[in-house]
Structures are given as C-alpha cells and as structure tokens.
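**Q** Please find one structure pasted underneath; my questions will follow.
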Amino acid sequence: MKINRVILLLAALAIFLPIARTQAMESSTDKFVRIEISKEKNAYQIRKLEVVDTVDYPKKYSPDSFEPYKGSYNGRVVSFKEAVLGYFPTLPLQVTICKDKHNPKTGKMEGGCEELDSGPISLDVPFFPNGKFADIYSPQGEKLLTIDLSSIATCNENGQCEKEKRESYGTCPSDCENEGLKQLKIVDTPPTANPADKTPLAKSNLYLWIIVALVVISAIAGLYLWKKRGDA
C-alpha cells in the first residue's frame with residue numbers, strides 16, 4: 004500500500020509540474036501593435052506602427068513553441084536580449100480583393116476572390132515593452148518578413164534607465180531597478196502597484212513564485228498524509 008501511495012504521489016507531481024512550468028513561462032500582454040504594410044510584388048514596406056489596447060482580457064503567448072500554429076501563418080516577438088517573448092498566429096501576407104455580382108439570367112450571386120501583387124496589408128502583433136522585432140513565417144516555415152519594433156519599445160534592456168525613451172520602473176524594471184529602490188526609500192511603506200503598470204515580465208515572475216509555492220505545499224501535504232496513514 005505504501006508503494007502505491009508513493010507511485011500515485013509521484014505521478015501527480017509528474018503531471019502537475021509540466022503544466023505549472025508552461026503556465027509560468029507564458030507571457031501575457033493587454034496591448035498589441037497594429038502594423039500597416041505596403042506590398043509591391045514580393046517586397047514589403049512598413050508604413051505605420053501603432054500600439055493599441057486590447058478590448059479583451061490580457062492574452063497569453065507561449066515563448067516555447069510555435070507548434071499550435073504550425074501549418075498556418077504565424078510569427079514570434081524577440082527581445083533586445085534575443086529571447087523569444089511569444090509566438091502568435093497571424094493573417095496571410097497577401098493582398099486579396101473579393102467581388103460579387105448578381106447574374107440576372109440565373110438569379111444567383113456570382114464572383115470570387117483574387118490575390119493581387121500589390122496593395123495594403125494590416126497585421127496585429129502582440130506588444131511587449133522589451134520587444135525588439137517580430138518575424139513572420141509562412142505555413143511552410145519560411146521567414147517572410149522581419150518587422151523592427153524598437154521605435155515603440157519602452158525597455159531596451161541595456162542596463163540604463165533612459166527616461167527620454169519612455170523607460171521607467173513600471174515599464175522597464177530591468178533597466179530602472181535603481182529608480183524603483185529610490186521610490187521605496189522616499190515613502191515609509193511601498194506604494195500599491197497599479198495593475199495597469201505591471202509588465203509581462205513582472206507578471207511572469209509573480210506567477211512563477213505562486214506556482215512553485217503551490218507545488219511545494221502540495222508535496223509536503225502529500226508526504227505528511229502518506230506518513231500518517233503508514234504509521235496508523
């Protein structure tokens with residue numbers, strides 16, 4: 004009986020730990036970058052970058068694998084330290100025009116869609132404060148386009164807190180750590196953080212510590228119950 008309990012406990016941990024790791028590694032963001040692109044045959048030119056708030060709750064993106072999007076157009080956002088922040092699905096880099104017309108002879112609607120060589124394209128890419136560029140891939144895994152996001156980034160991860168580049172402890176804690184310490188010294192008690200100011204990096208660390216604590220508590224409780232039943 005004791006061996007069975009140990010096996011069950013180990014099996015539960017083996018199932019829970021990979022799930023906990025995946026959740027801890029996920030990056031979340033409540034903003035996205037709307038990118039206006041001009042296509043001329045096989046050439047692409049970035050016309051405009053705009054950071055937009057999402058209307059939904061913050062979305063999560065896995066930095067580990069693009070497998071969920073394999074076989075379709077997808078992309079990834081990479082940080083200034085060359086770390087993948089998240090993979091995401093995207094629309095095709097194609098210009099398509101669709102036309103419908105009524106055929107008086109048959110009484111039916113006729114028409115279809117046609118792909119054009121040139122025209123405007125609009126893409127939405129997840130926004131991360133430390134996102135340096137985004138790569139867009141075809142369903143076959145071919146890199147089609149690299150989009151420079153450094154002009155709208157608020158955390159270039161160079162170890163210097165550059166306020167002229169919109170960096171602050173709220174948007175870039177890795178570069179503005181000293182600023183955060185100064186703020187703590189000014190007041191007697193740490194100020195309550197505004198949830199809107201939390202970056203995906205800060206949230207990820209918080210989730211990681213919560214999950215680790217839950218795993219440790221579950222393991223201790225399981226071992227205690229197993230030992231107590233064994234003694235009985």
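When we follow this note's numbering, the leftmost residue of the sequence shown carries the number 4, and every step to the right adds one.
Here a beta-carbon is modelled for each residue, glycine too, at the ideal position from N, C-alpha and C.
Bear in mind that the values here come from a model prediction, so they are computed numbers and not experimental data.
#1: Do you know whose CA, among Ser82, Leu88, Lys42 and Leu96, lies nearest Pro142's CA?
#2: Report yes if the C-beta distance between Val81 and Val128 is below 9 Å; otherwise report no.
#3: Thinking Ile40 and Ile155 are a contact (beta carbons under 8 Å), I'd like their distance in whole angstroms, please.
#4: With 16 as the cutoff for other CB atoms within 10 Å, does Val36 come out buried or exposed?
#5: Mind checking whether Lys135 and Leu152 have CB atoms under 9 Å apart?
#6: Could you name the residues that DSSP lists as bridge partners for Leu126?
#7: Thinking just about the alpha-carbon of each residue, which of Glu182, Leu148 and Leu147 is nearest to the one in Cys164?
#8: My output table needs one value for Ile139: the three-state DSSP class, helix, strand or coil.
#9: Please classify Ala86: is it buried, with 16 or more other beta-carbons within 10 angstroms of its beta-carbon, or exposed?
#10: With three or more beta-carbon pairs closer than 8 Å as the criterion, would you say the region 40-59 touches the region 110-126?
#11: Is the CB-CB distance between Ile139 and Thr174 below 9 Å?
#12: At the level of alpha carbons, what is the spacing between Asn159 and Phe83?
#13: When you compare the CB positions of Ile223 and Ile150, do they come within less than 9 Å of one another, or not?
#14: Closer than 8 Å by C-beta to Ala2: which residues in its own chain qualify, once you throw out the five before and the five after it? Chain order, please.
#15: How long is the line joining the alpha carbons of Glu145 and Lys230, rounded to whole angstroms?
**A** Put simply:
#1: Position 139 of the sequence shown, counted from the first residue, corresponds to residue 142. Pro142 has its Cα closest to that of Leu96, out of Ser82, Leu88, Lys42 and Leu96.
#2: The residue you call residue 81 lines up with position 78 of the sequence shown. The residue you call residue 128 lines up with position 125 of the sequence shown. Their beta carbons are not under 9 Å apart, which means Val81 does not touch Val128 by this criterion.
#3: Taking the first residue of the sequence shown as position 1, residue 40 is located at position 37. Taking the first residue of the sequence shown as position 1, residue 155 is located at position 152. Cβ-Cβ separation between Ile40 and Ile155: approximately 15 Å, too far for a contact (criterion under 8 Å).
#4: In the sequence shown, residue 36 corresponds to position 33, counting from 1. The C-beta of Val36 has 16 or more other C-beta atoms within 10 Å across all chains shown, which makes the residue buried.
#5: For this step, residue 135 is matched to residue 132 along the sequence shown. For this step, residue 152 is matched to residue 149 along the sequence shown. Closer than 9 Å, so yes.
#6: Sequence index remark: in the sequence shown, residue 126 carries index 123 (1-based). Answer by DSSP bridge pairing, in chain order: Ile38.
#7: Sequence index remark: in the sequence shown, residue 164 carries index 161 (1-based). The residue with the shortest Cα to Cα distance from Cys164 is Glu182.
#8: As a working note, residue 139 is residue 136 in the sequence shown. Strand, per DSSP.
#9: Numbered from its first residue, the sequence shown carries residue 86 at position 83. The residue is exposed, with fewer than 16 neighbouring Cβ atoms inside 10 Å.
#10: Output reads yes: the region 110-126 touches the region 40-59.
#11: For the purposes of this step, residue 139 is identified with residue 136 of the sequence shown, where counting begins at 1. For the purposes of this step, residue 174 is identified with residue 171 of the sequence shown, where counting begins at 1. Against a cut-off of 9 Å, the Cβ pair of Thr174 and Ile139 comes out as no contact.
#12: Within the sequence shown, residue 159 is the residue found at index 156, counting from 1. Within the sequence shown, residue 83 is the residue found at index 80, counting from 1. Each residue's Cα considered, the two are about 6 Å apart.
#13: Reading the sequence shown from its first residue, position 220 is the one you call residue 223. Reading the sequence shown from its first residue, position 147 is the one you call residue 150. For Ile223 and Ile150, no; Cβs fall outside 9 Å.
#14: The requested residue 2 does not occur in the structure, where the chain is confined to residues 4 to 235.
#15: The residue given as residue 145 occupies position 142 in the sequence shown. The residue given as residue 230 occupies position 227 in the sequence shown. Going from the Cα of Glu145 to the Cα of Lys230 covers about 56 Å.
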